[in-house]
Amino acid sequence: MSLRASFAKQSHLSKTRLLRRKSLLAMTRTRQDDGELNPKRLNKITSLLVSKIINQKKDRRIL
Numbered sequence: 073m074s075l076r077a078s079f080a081k082q083s084h085l086s087k088t089r090l091l092r093r094k095s096l097l098a099m100t101r102t103r104q105d106d107g108e109l110n111p112k113r114l115n116k117i118t119s120l121l122v123s124k125i126i127n128q129k130k131d132r133r134i135l
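Residue numbers are given in the numbering used here: position 35 of the sequence shown equals residue 107, and the series is strictly consecutive.
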């Protein structure tokens, strides 16, 4: 993989992570009024999602 392709892929992954984080934040803003989620809970959810994504990528590399 060329350096340019590698950079483009990394940039795309960063954008994807940012969009996921933004959507999680939007969900919590609506739910915080009901008291369902708080910032600590959001961080836990985010870290679980990121680890799940990383594990999926590792599984794809193995296949």
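By construction, the Cβ of each residue, glycine as well, lies at the ideal position given by its N, Cα and C atoms. Since the model is a prediction, treat every value here as computed from it, not as a measurement.
Query: Check whether residue 126 and residue 96 have beta carbons under 8 angstroms apart; Result: no
Query: Reference residue 90, options 122, 130 and 129, closest by Cα; Result: 122
Query: Rounded straight-line distance, which links the Cα of residue 93 to that of residue 86; Result: 11 angstroms
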